[in-house]
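Here's the structure we're looking at; comments come further down.
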Amino acid sequence: MSRTGGAGAATGRRRPEVRADLALMEGYHSAQVDVAVRLNTNESPFPPPAGFGAEVAALLAETAWHRYPDRSAAALRQGIAELHGVSAAQVFAANGSNEVLQTLLLAYAGAGRTVATFEPTYALHAHIARLTGATVRSGERAEDFTLPPEEVGRVLDDEGPAVVFLCSPNNPTGTVEPMELVAPTLGRCAAEGRLLVVDEAYAQFSPWSALDLVDEELPLVVVRTYSKTWSMAAARLGYCVAPTWVVDELHKVALPYHLDVVKQAAGLAALGHADEMGRRVAAIVEERGRVLDGLLELGVRTWPSGANFVLFRPEVPEGAEGHGVWQGLVERSVLVRDCSSWPRLEGCLRVTIGTATENDAFLGALAEVLEDRGARRREERR
Ligand SMILES: *Cc1c(COP(=O)(O)O)cnc(C)c1O
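Numbers 0 to 381, taken from numbering that gives the first Met the number 0, label the letters of the sequence shown in order.
As structure tokens, then:
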């Protein structure tokens, strides 16, 4: 019986039912609250460099709008390939790295196959895998959110996944997966015919990248995005670097002309500003150190981060208190990500590194909120 069965029967209509495996799933949401300081979705705090907009406009002025865009996005893929020193045939681009993930999972996961994640990690890896009909099996990170190699081994032994996800730096914990973990995992995947996907949405902020491990003979895919470092979250553009035989399969799965002409132009124009982007990354990494120091001074638990965000757990006298602190920050017009109710992240919040001014606003507001709540607790205990 359906929830609207009664009304349906009365009108002689019956609503089609969604796939049974989707019926109980929830969508993916991140609050879009109107505040002065937005530090909740790990975007760049800086707009693209001056001149970028005009360059894209000039490219678009020459566009033949009545024609389909270049289906293979050849110029964009060539530009990305040159940036990373690989061949254009090893690059696949799509509408945000989320669409790259979806295309990978449509090609290599799907019904009857298993996908491995290591929690807590980026929720969309498991979510999109399930949307493709795959079964998700999860390993557990240690208390400090590092990933023990034995746990990776256990999940590969027990679950036999077709696709194995690593995320480095890991969202939302900031943890960098070391080469000593990634390389042996890749070796095992190669021996056993599994695809290893390393999501590197934040790699520019971290000390190393798995890009150097990409090889025609190895089943490794490294996923990148324009949404964070490249100041282009609005454009929805991401890509992966992978062996050509993987990229060929992805092109079979992607819809024809999936990358529109505006995005191809914007993605190519951005590559001309790589130096400026590098300076911004350096500035954000420096601010990250300052925010970490500020959090430590406030007596807040933090975890080391190789990304443009920091996971932290505010402690008031009686333990972790994430949601109340999140609310207090919103009241002071500062928005961070509330992870406090997510499994394994009790009481935790995640703050994106913003401009120096935004970071000061965040630290100042947090100091007030903690002071307020501490005072209230002392009051209650009297
Ligand atoms: C932000 C983020 C992405 C980016 O997704 P886009 O679709 O490219 O905006 C991908 N992976 C992780 C882990 C992220 O945190």
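Note that CB positions come from ideal geometry on N, CA and C, so glycine has one too.
Legend entry - contact_flag[the stretch 283 to 297, the stretch 353 to 366] where n(CB pairs < 8 Å) is 3 or more: Contact check between the stretch 283 to 297 and the stretch 353 to 366: three or more CB pairs, one atom from each, fall below 8 Å, which counts as touching.
Legend entry - M24, buried or exposed, once every other Cβ within 10 Å from all chains shown has been counted against 16: Here residue 24 refers to the residue found at position 25 of the sequence shown. With fewer than 16 other Cβ atoms within 10 Å, it is exposed.
Inset, instruction - Please confirm if the stretch 253 to 265 is in contact with the stretch 54 to 66, defined as three or more CB-CB distances below 8 Å between the two stretches. - result: Because the criterion of three Cβ pairs below 8 Å is met, the stretch 253 to 265 and the stretch 54 to 66 touch.
Inset, instruction - Would you grab the beta carbon distance between W325 and S339 for me? Rounded to a whole angstrom, and I think it's under 8 Å. - result: If you number the sequence shown from 1, residue 325 lands on position 326. If you number the sequence shown from 1, residue 339 lands on position 340. Confirmed, Cβ separation roughly 7 Å.
Legend entry - Whole-angstrom distance between A366 and E379, CA atom to CA atom: Taking the first residue of the sequence shown as position 1, residue 379 is located at position 380. Taking the first residue of the sequence shown as position 1, residue 366 is located at position 367. Whole-angstrom Cα-Cα distance: 20 Å.
Inset, instruction - Would you kindly check if the distance between the Cβ of V196 and the Cβ of V181 is under 8 Å? - result: The residue labelled residue 181 in the question sits at position 182 within the sequence shown. The residue labelled residue 196 in the question sits at position 197 within the sequence shown. Taking 8 Å as the Cβ cut-off, V181 and V196 do not qualify as a contacting pair.
Inset, instruction - Give me the Cβ distance between H65 and L100, rounded to the nearest whole Å; I'm assuming they're in contact under 8 Å. - result: In the sequence shown, the residue the question calls residue 65 occupies position 66. In the sequence shown, the residue the question calls residue 100 occupies position 101. The Cβ separation is near 32 Å, so there is no contact.
Inset, instruction - Identify whether E142 lies in helix, strand or coil by the three-state DSSP scheme. - result: Sequence index remark: in the sequence shown, residue 142 carries index 143 (1-based). Under the three-state reduction of DSSP, E142 is assigned to coil, being neither helix nor strand.
Inset, instruction - Check the C-beta distance from C188 over to V163 and give it rounded, since I have them as a contact under 8 Å. - result: If you number the sequence shown from 1, residue 188 lands on position 189. If you number the sequence shown from 1, residue 163 lands on position 164. Their Cβ separation, rounded to whole angstroms, is 6 Å, which keeps C188 and V163 in contact under 8 Å.
Legend entry - Cβ-based neighbour list, T243, same chain, cut-off 8 Å, excluding 5 preceding and 5 following: To locate residue 243, count along the sequence shown from 1; it is residue 244. So the list reads S86, A88, Q89, E215, once near-sequence residues are dropped.
Inset, instruction - Would you give the residue range spanned by the beta strand (DSSP E) that D20 belongs to? - result: For the purposes of this step, residue 20 is identified with residue 21 of the sequence shown, where counting begins at 1. No beta strand (DSSP E) holds D20; the alpha helix (DSSP H) holding it covers 19 to 22.
Inset, instruction - For S1, I'd like the list of residues in its chain whose CB is within less than 6 Å of its CB, leaving aside the five on either flank, ordered along the chain. - result: Here residue 1 refers to the residue found at position 2 of the sequence shown. For S1, the predicted model reports a pLDDT of 47, less than 50, meaning its position is unreliable; a value from the coordinates is still stated below. Around S1, the same chain offers no residue with a beta carbon nearer than 6 Å, after the five sequence neighbours per side are excluded.
Inset, instruction - State yes or no: is the C-beta of T224 nearer than 7 Å to some heavy atom of ligand 1? - result: Numbered from 1 along the sequence shown, position 225 holds the residue referred to as residue 224. Because some heavy atom of ligand 1 lies under 7 Å away, the Cβ of T224 counts as near it: yes.
Legend entry - Backbone secondary structure at V368 - three-state DSSP: Reading the sequence shown from its first residue, position 369 is the one you call residue 368. The answer is helix: DSSP assigns V368 an H, G or I state.
Inset, instruction - Flag this pair as touching only if the stretch 14 to 31 and the stretch 216 to 236 have three or more C-beta atom pairs under 8 Å; answer yes or no. - result: Not touching, per the Cβ criterion.
Inset, instruction - For G237, name the three-state secondary structure that DSSP assigns. - result: As a position in the sequence shown, residue 237 is number 238, starting the count at 1. Strand at G237.
Inset, instruction - Measure from the alpha carbon of L369 to the alpha carbon of each residue in T354, G327, C347, E345, then state which is nearest. - result: Indexing the sequence shown from 1 puts residue 369 at position 370. Minimum Cα-Cα distance from L369 among the listed residues T354, G327, C347, E345 corresponds to G327.
Inset, instruction - Starting from E118, trace the beta strand (DSSP E) both ways and give me its first and last residue. - result: As a first step, residue 118 must be located in the sequence shown, where it is residue number 119. E118: member of the beta strand (DSSP E) spanning 113 to 118, first to last residue.
Legend entry - Paired residues, beta bridge with C166 - DSSP: The sequence position of residue 166 within the sequence shown is 167, counting from 1. Beta bridge pairing from DSSP links C166 with D198.
Inset, instruction - With a threshold of 7 Å, establish whether the CB of C188 neighbours any heavy atom of ligand 1. - result: The count along the sequence shown starts at 1 and reaches residue 188 at position 189. Because no heavy atom of ligand 1 lies under 7 Å away, the Cβ of C188 does not count as near it: no.
Inset, instruction - Give the DSSP-derived three-state secondary structure of R331 in the structure shown. - result: In the sequence shown, counting from the first residue as 1, residue 331 sits at position 332. It is coil, neither helix nor strand.
Inset, instruction - State the Cα-Cα distance for the pair D259 and P68, rounded to the nearest angstrom. - result: Translated into positions along the sequence shown, residue 259 becomes position 260. Translated into positions along the sequence shown, residue 68 becomes position 69. Separation of D259 and P68 (C-alpha to C-alpha, rounded to the nearest whole angstrom) is 6 Å.
Inset, instruction - Go ahead and label G305 buried or exposed: buried means 16 or more other beta carbons lie within 10 angstroms of its beta carbon, across all protein chains shown. - result: Stepping through the sequence shown from its first residue, residue 305 is reached at position 306. Buried, since its Cβ has 16 or more Cβ neighbours within 10 Å.
Inset, instruction - Compute the Euclidean distance between the alpha carbons of L105 and T131, then round it to the nearest angstrom. - result: Within the sequence shown, numbered from 1, the residue matching residue 105 stands at position 106. Within the sequence shown, numbered from 1, the residue matching residue 131 stands at position 132. If I take the Cα positions, the gap works out to 6 Å.
Inset, instruction - Can you tell me which of V299, V34, P147 puts its alpha carbon nearest to the alpha carbon of V333? - result: The residue given as residue 333 occupies position 334 in the sequence shown. The residue among V299, V34, P147 with its C-alpha nearest the C-alpha of V333 is V34.
Inset, instruction - Count the other C-beta atoms from every protein chain shown that fall within 10 angstroms of the C-beta of P47, then say buried if there are 16 or more, exposed otherwise. - result: As a working mapping, residue 47 is identified with position 48 in the sequence shown. Within a 10 Å sphere around the beta-carbon of P47 sit 16 or more other beta-carbons, which makes this residue buried.
Legend entry - Cβ separation of E388 and R372, assumed to be a contact under 8 Å, to the nearest whole Å: Here the chain covers residues 0 to 381 and nothing more, so residue 388 does not appear.
Inset, instruction - Per DSSP, which residues does F45 bridge with? Please list them. - result: For the purposes of this step, residue 45 is taken as residue 46 along the sequence shown, with counting starting at 1. For F45, which the question treats as bridged, DSSP gives no partner whatsoever.
Legend entry - Supposed close pair G237, A93 - CB separation, criterion 8 Å: Translated into the one-based positions of the sequence shown, residue 237 becomes position 238. Translated into the one-based positions of the sequence shown, residue 93 becomes position 94. With a contact defined as Cβ atoms closer than 8 Å, G237 and A93 qualify at about 6 Å.
Legend entry - Beta-carbon proximity list for Q203, same chain, < 6 Å, skipping 5 on both sides: Translated into the one-based positions of the sequence shown, residue 203 becomes position 204. Taken in chain order, the residues that qualify are T228, V280.
Inset, instruction - Check whether the Cβ of A122 lies closer than 7 Å to any heavy atom of ligand 1, and answer yes or no. - result: Here the question's residue 122 lines up with position 123 in the sequence shown. The answer is no for A122.
Inset, instruction - Going by CA-CA distance only, name the one from G346, V290, T116 that's closest to P160. - result: Within the sequence shown, numbered from 1, the residue matching residue 160 stands at position 161. Closest in alpha carbon position to P160, among G346, V290, T116, is T116.
Legend entry - Extent of the continuous alpha helix (DSSP H) to which L249 belongs: Taking the first residue of the sequence shown as 1, we reach residue 249 at position 250. Unbroken alpha helix (DSSP H) run through L249: 243 to 252.
Legend entry - CB of T113 within 8 Å of CB of R136, strictly: If you number the sequence shown from 1, residue 113 lands on position 114. If you number the sequence shown from 1, residue 136 lands on position 137. Between T113 and R136, the CB-CB gap stays under 8 Å.
Inset, instruction - Identify which residue in A74, T102, V36, N41 has its Cα closest to the Cα of K251. - result: Within the sequence shown, the letter at position 252 stands for residue 251. The candidate whose alpha carbon is nearest that of K251 is T102.
Legend entry - Distance cut-off 7 Å: N41 Cβ against heavy atoms of ligand 1: As a first step, residue 41 is located in the sequence shown; it is residue number 42 there, counting from the start. Yes, the Cβ of N41 comes within 7 Å of a heavy atom of ligand 1.
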